[in-house]
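Scroll down for the structure; my scribbles are underneath it.
Protein chains: 2
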Amino acid sequence: MNAPNPAAQLQPRPVPLALLDALGTRFGAQFSTAQAVREQHGRDEGSISAPPPAAVVFAESTQDVQDAMRLAAQHAVPVIAYGAGSSLEGHLLAVQGGISIDVGRMNKVLSIDADDLTVTVQPGITRKQLNEAIKDTGLFFPIDPGADASIGGMAATRASGTNAVRYGTMRENVLALEVVTASGDIIRTGTRAKKSSAGYDLTRLMVGSEGTLGIFTEVTVRLYPLPEAVSAAICSFPSIEAAVRSVIQTIQLGVPIARVELIDVNSVRMVNAHSRLSLREEPMLLMEFHGSALSVKEQAETVQQIASEFGGQAFEWASTPEERTRLWTARHNAYFAAVQSRPGCRAISTDTCVPISRLADCLLESVDEADASGIPYFLVGHVGDGNFHFGYLIDPESPDERARAEAMNHRLVARALSMGGTCTGEHGVGVHKMGFLVDEAGAGAVDMMRAIKRALDPQNILNPGKIFAL
Amino acid sequence: MNAPNPAAQLQPRPVPLALLDALGTRFGAQFSTAQAVREQHGRDEGSISAPPPAAVVFAESTQDVQDAMRLAAQHAVPVIAYGAGSSLEGHLLAVQGGISIDVGRMNKVLSIDADDLTVTVQPGITRKQLNEAIKDTGLFFPIDPGADASIGGMAATRASGTNAVRYGTMRENVLALEVVTASGDIIRTGTRAKKSSAGYDLTRLMVGSEGTLGIFTEVTVRLYPLPEAVSAAICSFPSIEAAVRSVIQTIQLGVPIARVELIDVNSVRMVNAHSRLSLREEPMLLMEFHGSALSVKEQAETVQQIASEFGGQAFEWASTPEERTRLWTARHNAYFAAVQSRPGCRAISTDTCVPISRLADCLLESVDEADASGIPYFLVGHVGDGNFHFGYLIDPESPDERARAEAMNHRLVARALSMGGTCTGEHGVGVHKMGFLVDEAGAGAVDMMRAIKRALDPQNILNPGKIFAL
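Here the protein sequences line up with chains A and B, keeping their order. Position 406 (the first sequence) corresponds to 420 in this note's numbering; numbering is contiguous. Position 269 (the second sequence) corresponds to 283 in this note's numbering; numbering is contiguous.
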């Protein structure tokens with residue numbers, strides 16, 4: 015298992031003044047080299063730092079992205095797309111220098127095709143903005159990473175979240191893309207048809223490519239009819255194992271549960287403090303059921319019965335939208351609640367995902383190890399998918415804490431890989447997990463990724479130094 | 015719209031005797047240059063012909079595939095993987111010469127992981143063999159193209175079938191692959207985890223690559239719990255339009271219907287004759303509902319109500335497994351029933367797929383055109399996905415009929431593309447649809463596919479002359 019070594023990726027390339035001049039001339043007030051702007055665009059929510067990009071372009075159209083890309087390509091200068099800045103793995107860091115293209119202003123809904131259950135948006139729109147824009151259609155977009163991330167960024171990292179157990183991830187829900195390539199050309203991938211066998215699946219190749227194969231300028235995603243009925247429930251368990259075994263059985267029985275989140279006792283305490291709740295301080299599952307009124311009732315009864323067999327108690331219902339929103343907001347705020355619980359700390363997030371049959375084993379060994387470490391941590395999990403996150407809350411000034419937390423992460427990844435799992439279920443590789451990719455995918459598969467990268471970006475200017483070293 | 019020109023792909027390359035000698039030495043009785051064997055491996059179920067491959071290797075292991083691939087690579091000779099031979103688009107034709115690697119003997123189930131709802135198989139196992147092998151697990155594999163295709167071939171063409179409306183296609187259901195590359199190396203793509211953000215999605219790049227990027231030697235796919243309850247129904251409609259509008263409304267309402275197939279009146283007649291049935295000779299929908307007993311009842315009631323609003327009648331239930339099997343066998347035999355209805359004919363199959371809101375428009379214009387042509391045809395459709403197939407039953411000795419049928423297909427594809435659809439929902443491009451790909455994807459996207467192909471197969475020996483010209 016190779017330790018990721020972000021420092022090894024720090025190879026800033028020179029950014030010629032001629033490029034900065036050309037960008038300034040072309041973009042005027044949409045261009046900035048101000049220190050504060052550069053610094054804002056040179057970091058994300060992860061635990062790693064790097065010097066900021068040399069400049070930032072605020073793109074307002076596909077043409078803007080194309081022009082900036084062409085200028086950068088002329089000078090062989092790296093380009094990093096910036097959406098909402100919510101990456102956890104160092105995706106936005108200018109480890110090889112270059113410029114940032116901020117697509118946050120490209121946040122329009124271009125076409126709502128409610129009859130086809132699709133919508134086409136610009137990449138900078140966030141998932142909450144999207145759902146607000148379509149709220150009168152009776153449809154919704156289910157993918158919900160913790161942060162209010164941009165749709166472009168979510169596509170780039172193959173994001174998912176709490177609804178993925180039923181609705182899939184960005185892999186399943188992006189139908190088509192408009193992409194600006196490394197040479198500044200514009201291509202379209204996919205169509206609005208629900209399925210296709212027409213050639214290589216460029217859409218799926220682009221989804222999860224972390225800005226290294228192209229910059230997305232339009233994204234077409236699937237929508238779903240708002241379920242006729244929704245009910246949410248929380249259930250406390252005597253142990254994490256009991257909670258997890260309930261989930262495993264629920265999934266194996268094929269119950270079409272929409273969400274099932276594990277929240278450990280540390281997280282419950284942090285969330286109670288942050289969101290002024292009084293959740294019972296035990297490991298809990300937060301669940302949601304979607305469907306017809308009858309189906310929702312039936313699903314919930316099945317799961318309640320399974321849970322009670324594993325000692326689950328205090329099965330509490332949240333049937334009004336307000337109660338549900340309160341619970342899920344608490345869940346989505348878990349990360350921020352945790353970070354605030356130790357002032358000045360940074361969270362090192364893990365993101366392993368294993369086949370469901372191995373979930374209990376993988377989780378429990380890792381909990382024992384985290385407990386023994388003495389490092390404060392929280393644990394939340396999209397357990398229906400076999401995916402869970404530890405957040406080790408380290409003092410960023412303590413090399414010892416960082417090293418111990420990273421060592422735990424390494425052991426956790428090794429454990430997940432030995433069980434047929436992955437080092438990252440939804441956060442992406444970025445800089446932080448580069449050391450794991452060869453262990454997971456094998457040298458041959460990573461070489462194949464490199465060959466594709468070289469073919470599509472021969473100058474290595476699209477977010478270089480991410481996913482793998484070239 | 016460029017007409018596909020299979021003849022333009024006919025560029026047989028020499029196969030050196032030294033290669034045939036080396037293959038004979040290495041493979042002994044697993045190697046054949048017999049005319050009958052070569053001819054059997056040089057055709058598929060489609061309407062196009064080409065000279066056969068120079069030889070056939072019957073692979074029995076990954077090592078066999080690797081060794082054959084390495085020898086072919088040394089001599090820069092094309093290699094075509096052969097599974098069940100059921101392609102409809104000329105995928106198996108040796109248009110540039112070379113050798114065929116038949117993986118039909120590699121038909122073992124390697125690992126049933128019932129607790130994780132996955133199974134790993136060799137590529138030559140057919141979908142029916144797979145379901146037979148797992149029948150005691152309480153699980154099933156839903157993807158069902160018309161033919162009893164091999165799992166490897168289904169992955170290679172991104173196949174789907176009647177269950178895709180609920181369970182997705184091979185795109186959604188292949189989790190991981192073992193692949194022999196153009197250089198004869200072995201890589202693994204993906205893991206058994208349900209989701210991952212670890213680098214480029216090589217699994218999805220390989221799925222649908224039609225043998226042009228690698229030869230699959232292991233395939234891991236998802237399984238699903240057999241539903242607690244299943245019911246099937248047929249419903250006749252006064253017109254195709256009425257049937258299609260019922261489907262559109264069912265999908266837009268989010269009813270989780272498992273299968274919904276359109277069968278036109280021509281197909282009903284052919285199926286009645288072939289399978290000795292007495293189905294009412296009107297356009298019909300053949301439907302299936304999966305879920306709990308309550309959910310199935312509720313879904314069926316909703317759909318029955320929608321259908322009756324559109325004049326659907328004779329809603330008949332098939333609730334025993336025997337009745338259901340009889341109906342679905344009839345549906346799956348539609349292609350063969352049709353081909354037998356005109357002795358000596360060949361079917362030119364269309365495969366367009368459009369956004370569901372455009373389905374009625376696309377279908378009805380195309381039916382009018384087919385009726386006016388005088389060429390016998392049948393029409394079946396996975397209409398819940400917006401995908402449908404005309405089969406134009408032409409006299410293969412009549413260049414005029416072929417030209418008129420192909421011209422109809424061209425107009426149909428143009429119509430589908432103008433509606434945001436695709437030229438192929440599930441059959442793949444092969445040789446037959448190469449002319450359509452640029453119209454659909456655009457020159458830039460096809461150039462990106464070519465760049466990937468060149469990077470991964472610099473000698474262009476993996477099933478050359480398919481998908482796009484290099």
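Every residue, glycine too, gets a C-beta built ideally from N, C-alpha and C. These figures come from a predicted structure and were not determined experimentally.
Check whether the Cβ atoms of residue i and residue j sit closer than 7 angstroms, and answer yes or no.
i: Cys367(A); j: Gly439(A); result: yes
i: Ile200(B); j: Gly398(B); result: no
i: Thr217(B); j: Val188(B); result: yes
i: Ala348(B); j: Ser281(B); result: yes
i: Leu106(A); j: Ala36(A); result: no
i: Leu476(B); j: Gly395(B); result: no
i: Ser380(A); j: Lys209(B); result: no
i: Pro65(B); j: His55(B); result: no
i: Gln49(B); j: Val194(B); result: no
i: Arg185(A); j: Val244(A); result: no
i: Ala352(B); j: Met284(B); result: yes
i: Ser164(A); j: Thr183(A); result: no
i: Val258(A); j: Ala374(A); result: yes
i: Val51(B); j: Gly111(B); result: no
Excluding the 5 residues flanking residue i on each side, which residues of the same chain have their C-beta closer than 8 angstroms to its C-beta?
i: Asp127(A); result: Val133, Thr134, Arg206
i: Leu341(B); result: Ala246, Ile248, Leu300, Ala332
i: Asn145(B); result: Phe154, Phe155
Quick check on DSSP: helix, strand or coil for residue i?
i: Val394(A); result: strand
i: Gln110(B); result: coil
i: Cys359(B); result: coil
i: Cys376(B); result: helix
i: Ala246(B); result: strand
i: Glu296(A); result: coil
i: Tyr214(B); result: coil
i: His304(A); result: strand
i: Asn477(A); result: coil
i: Ala352(B); result: helix
i: Glu330(B); result: strand
i: Pro18(B); result: Any reading at Pro18(B) must be qualified, since the residue scores a pLDDT of 47, below 50, and its modelled position is unreliable; the value itself is stated next. Of the three classes helix, strand and coil, the one that applies to Pro18(B) here is coil, per DSSP.
i: Asn423(B); result: helix
i: Asn401(A); result: strand
i: Pro67(A); result: coil
i: Glu337(A); result: helix
i: Ala48(B); result: coil
i: Phe154(A); result: strand
i: Ile201(A); result: strand
i: Leu484(A); result: coil
Leaving aside the five residues before and after residue i along the sequence, list all residues of the same chain whose C-beta is less than 7 angstroms from its C-beta, in chain order.
i: Ile408(A); result: Cys359, Arg360, Ile362, Ile389, Glu415, Arg416, Ala419
i: Gln143(B); result: Asn121
i: Ala377(B); result: Sequence inspection shows Leu at residue 377(B); the Ala mentioned does not correspond to that position. Correct list, in chain order: Ile254, Val258, Phe402.
i: Leu24(A); result: Ala64, Val109
Can you list, in chain order, the residues of its chain whose CB lies under 6 angstroms from that of residue i, leaving out five sequence neighbours each side?
i: Glu59(B); result: Ser100, Leu102
i: Ala82(A); result: Val71, Ile115
i: Arg290(B); result: none
i: Ser63(A); result: none
i: Leu522(A); result: It is not possible to answer for residue 522(A), since the shown part of chain A is limited to 15 through 484.
Between residue i and chain C, is there a C-beta pair that is closer than 7 angstroms?
i: Ser223(B); result: Absent from the structure is chain C; the protein chains it does hold are A and B.
Problem - Sufficient close CB pairs (3 or more, under 8 angstroms) joining the segment 218 to 232 of chain A to the segment 83 to 102 of chain A - result: They touch, by the three-pair rule.
Exercise for the section: Anything in the segment 261 to 276 of chain B with a Cβ closer than 7 angstroms to a Cβ of chain A? List those residues in chain order, please. Expected result: Cβ contacts with chain A: Gln266, Leu267, Gly268.
Exercise for the section: With 9 angstroms as the limit, tell me which residues of the segment 194 to 215 of chain B have their beta carbon closer than that to any beta carbon of chain A; keep them in chain order. Expected result: Using a CB distance below 9 angstroms, the part of the segment 194 to 215 of chain B facing chain A consists of Thr195, Asp199, Ile200, Ile201, Arg202, Thr203, Gly204, Thr205, Arg206, Ala207, Lys208, Lys209, Ser210, Ser211, Ala212, Gly213, Tyr214, Asp215, ordered along the chain.
Practice task
Flag this pair as touching only if the segment 154 to 161 of chain B and the segment 227 to 238 of chain B have three or more C-beta atom pairs under 8 angstroms; answer yes or no.
Solution key: Proximity of the segment 154 to 161 of chain B to the segment 227 to 238 of chain B meets the contact definition, three or more beta-carbon pairs being nearer than 8 angstroms.
Practice task
Indicate whether the contact test is met: 3 or more Cβ pairs, each with one atom in the segment 451 to 461 of chain A and one in the segment 58 to 75 of chain A, closer than 8 angstroms.
Solution key: No: fewer than three Cβ pairs fall under 8 angstroms.
Handout entry: Validate contact between the segment 245 to 259 of chain A and the segment 327 to 343 of chain A using beta carbons, cut 8 angstroms, 3 pairs
Key = The way I'd put it, the segment 245 to 259 of chain A does touch the segment 327 to 343 of chain A; three or more beta-carbon pairs between them come closer than 8 angstroms.
Practice task
Name, going along the chain, the residues of the segment 115 to 128 of chain A whose beta-carbon falls closer than 9 angstroms to a beta-carbon of chain B.
Solution key: For the segment 115 to 128 of chain A, the residues whose beta carbon sits under 9 angstroms from a beta carbon of chain B are, in order, Asp127, Ala128.
Problem - chain B contacts made by the segment 395 to 407 of chain A, where a contact means CB separation under 8 angstroms - result: Residues of the segment 395 to 407 of chain A with a Cβ closer than 8 angstroms to any Cβ of chain B, in chain order: Asp399, Gly400, Asn401.
Problem - Contacting positions in the segment 435 to 456 of chain A - beta carbon closer than 9 angstroms to chain B - result: So the list reads Gly435, Thr436, Cys437, Thr438, Gly439, Glu440, His441, Gly442, Val443, Lys447, Phe450, Leu451, Glu454, Ala455, Gly456, given in the order they occur along the chain.
Practice task
Taking only beta carbons into account, state which residues of the segment 233 to 256 of chain B come closer than 7 angstroms to chain A, listed in chain order.
Solution key: So the close ones are Tyr238, Pro239.
Exercise for the section: Using a Cβ-Cβ cut-off of less than 9 angstroms, list which residues of the segment 350 to 377 of chain A approach chain B; keep chain order. Expected result: Answer in chain order: Asp365, Thr366, Cys367, Val368, Pro369, Ile370, Ser371, Arg372.
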